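Numbering (this note's numbering), first residue to last: 653 to 1034.
Positions of the beta carbon are idealized from the N, C-alpha and C atoms, including for glycine.
Nothing here was measured: the structure is a model prediction, and the numbers come from that model.
Here you go:
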């Protein structure tokens, strides 16, 4: 590309955190009427408007390397389509069968959805301050996700910390008498949540949820189905009450060693290996949860999977993830600065058990003649 052409396009980019124009008219955004974005984008902590995002993509589509670089530096949770360019966020939180996670790709105009012709760049968010403490990183990640959000709140440390920092409405779901409904009420009162909603799931609605989630999730085991059903009730309530984004604690166990197996690791190397394996498995969990959320017209937003938090977590020695038999210790230490230790160090049941959903699925299996195999009951529903 000739310098004159490059400079002309650079001048036409809308002002966007370091990309400036010299007073001339912005790029002709009408050249790309097929612009769409699912989710949101930010550059170094500044959330971009749809017009700013479109201007970046229009400029990149015309060969502006500076605009393409800025796109690759963006964080957030997004799937963007503009002209022949598409981009997907670092963790692939926004779902696509076409665009790989953390990629900017170009498509020929006549190739349809299957015609990726070039990889244009890799998403690698850049932040002015790359040495944030874990608490600073989580606080920043939550602040970026507050708008139009409701927090999925079970009372466990992962969601309790998010709820406290976000200061947004929260929702807890569970069957009557379930652990989560009881414990979340106690936690909400203790940490001072002002808008906490406790939704009791009618038993007859569980089978309806199963029929809704089983067709859309990638893995149909009892554990996966029970988690999906719990998320179904959370996201259904969110959508019906006007929220587009559900802030959730996904990723905390995989980043900070929250599962029981971490307490059995005999060395820091074993912890590190287990963390990597668990983190690599997150992609399927994301697909499950976002597929369910999309059916209810919302999406799951994950502060713990923000690039700042990923960076901060990886700076922690694996030997620190379990301390004195307490798993997920670094996250609990941060939480203890924001709530009483009783809740920061509380060992809560997994959501599918705490909500009572798994127990109810087991009952349904028995009532339908599958006394020894919940999996066979699920297969029957498919």
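In the structure shown, the three-state DSSP call for residue 997 is coil.
Nearest in C-alpha terms to residue 929, of all of 944, 938, 909 and 919, is 909. DSSP places residue 779 in the coil class of the three-state scheme, outside both helix and strand.
Here the C-alpha atom of residue 868 lies approximately 10 Å from the C-alpha atom of residue 1034. Its Cα nearest to that of residue 983, the residue 997 stands out among 992, 997 and 977. Taking the Cα of residue 852 as reference, the smallest distance to any Cα among 1020, 1006 and 898 is reached at 1006.
DSSP, reduced to helix, strand and coil, places residue 871 outside both helices and strands of the structure shown, so it counts as coil. Leaving aside the five residues that flank residue 866 on each side, the residues in its chain whose CB is nearer than 7 Å to its CB run, in chain order, 872, 877, 1030, 1033 and 1034. Between the segment 751 to 761 and the segment 685 to 700 there are fewer than three inter-stretch CB-CB distances shorter than 8 Å, so the stretches are not counted as touching. Linking residue 805 to residue 987 through their CA atoms gives a straight-line distance of about 15 Å. When the beta-carbon positions are compared, residue 1001 and residue 779 stay at least 8 Å from each other.
Look at residue 724 here: in three-state DSSP terms it is helix. Close CB contacts of residue 941 within its chain, under the 6 Å cut and outside five residues either way in sequence, are with 883 and 952 (chain order). With a cut-off of 8 Å on Cβ pairs, the segment 885 to 905 is not in contact with the segment 970 to 977, counting fewer than three such pairs. Within the segment 942 to 1013, complete beta strand (DSSP E) segments of at least 3 residues are found at 951 to 953, given in chain order.
Restricting attention to 918, 829, 827 and 796, the CA atom closest to the CA of residue 820 is found in 796. Look at residue 841 here: in three-state DSSP terms it is helix. Residue pairing by DSSP places residue 731 opposite 690 and 740 in a beta bridge.
Residue pairing from DSSP leaves residue 1028 without any beta-bridge partner. Annotation for residue 835: 807 place their beta carbon closer than 6 Å to its own, counting only its chain and skipping 5 residues before and after. The segment 893 to 908 makes contact with the segment 951 to 967: 3 or more CB pairs, one atom from each, lie closer than 8 Å. Taken through DSSP and simplified to helix, strand or coil, residue 759 comes out as strand. Classified as exposed, residue 752 has fewer than 16 neighbouring CB atoms from the shown chains inside 10 Å of its CB.
As a beta-bridge residue in DSSP terms, residue 695 pairs with 698. For residue 866, no alpha helix (DSSP H) run applies, since DSSP gives it neither H nor E. Inter-segment contact for the segment 852 to 863 and the segment 917 to 932 is absent: fewer than three beta-carbon pairs are separated by less than 8 Å.
Closest option to residue 964, judged by alpha-carbon separation, among 781, 801 and 838: 781.
The straight-line gap separating the alpha-carbon atoms of residue 911 and residue 874 is approximately 18 Å. Residue pairing by DSSP places residue 826 opposite 852 in a beta bridge. A Cβ-Cβ separation of about 35 Å leaves residue 995 out of contact with residue 775 under the 8 Å criterion. Between the alpha carbons of residue 810 and residue 833 lies a gap of roughly 16 Å. Distances from the alpha-carbon of residue 959 to those of 738, 786, 1013 and 714 put 786 closest.
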